[in-house]
Amino acid sequence: MTRLTELAAVYAQFSLLAFGGANAVLPEMQRQVVDVHHWMTARDFAALFALAQAAPGPNMMVVSLIGWRVAGLSGALVTTVSVLTPSSLLTLIVSGVWYRFKDAPWRKALQAGLQPVSIGLIMASAALLIEATAVDAAAAVVTVLTAALFLCTKLHPMLILGGAAIAGAIGLVG
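Residue numbers (our numbering): 63 to 236.
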């Protein structure tokens with residue numbers, strides 16, 4: 063199998079599993095890219111994810127960046143098309159039925175069941191990124207503290223991120 067074919071196969075599967083967006087399948091994406099196919103290191107993966115999150119646009123941009131890193135422009139195009147096409151086709155096919163049964167008890171139960179699954183997958187993504195990027199115990203503490211402040215307070219995000227940046231600038235984080 064060629065590298066482009068492998069990219070297409072891997073990312074077409076992610077397309078159908080990504081309840082909650084691309085971040086929901088991040089742990090499996092990282093496992094496939096780093097551990098199974100050895101296309102890059104965990105640190106490289108985390109760096110591409112950070113770059114994708116910093117750039118304006120959809121959070122699935124990490125898919126295109128990984129494709130670019132693995133196989134250049136062709137890889138970026140293949141991963142992007144592979145992650146967009148299956149879910150888009152499925153949505154197109156199912157949307158009419160989904161709307162028709164908007165008040166059906168089974169639909170409400172399915173939606174209620176998928177919500178915690180999506181949240182759990184996204185939290186697993188966060189744990190994976192913390193593991194890949196925490197260079198030492200101090201970095202892990204700053205990351206966990208920052209996440210706790212985001213979740214538990216109404217502080218402006220720039221204040222929280224600024225505090226984390228200051229911790230790094232004064233040498234608390236290596």
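No residue lacks a Cβ here, since even glycine has one placed at the ideal position from N, Cα and C.
Shortest Cα-Cα distance from Ile-181 to any of Ala-226, Met-63 and Phe-81 involves Phe-81.
The closest CA to that of Ala-112, considering only Pro-120, Val-124, Thr-103 and Ser-149, is found on Val-124.
In this structure, the CA atom of Ser-149 is about 11 angstroms from the CA atom of Val-143. In the three-state DSSP reduction, Gly-233 falls in the coil class, being neither helix nor strand. Under the three-state reduction of DSSP, Leu-78 is assigned to helix. By the criterion of at least three beta-carbon pairs nearer than 8 angstroms, the segment 89 to 101 is in contact with the segment 184 to 203. Judged by DSSP secondary structure, Ala-188 falls within the alpha helix (DSSP H) whose first and last residues are 167 to 195.
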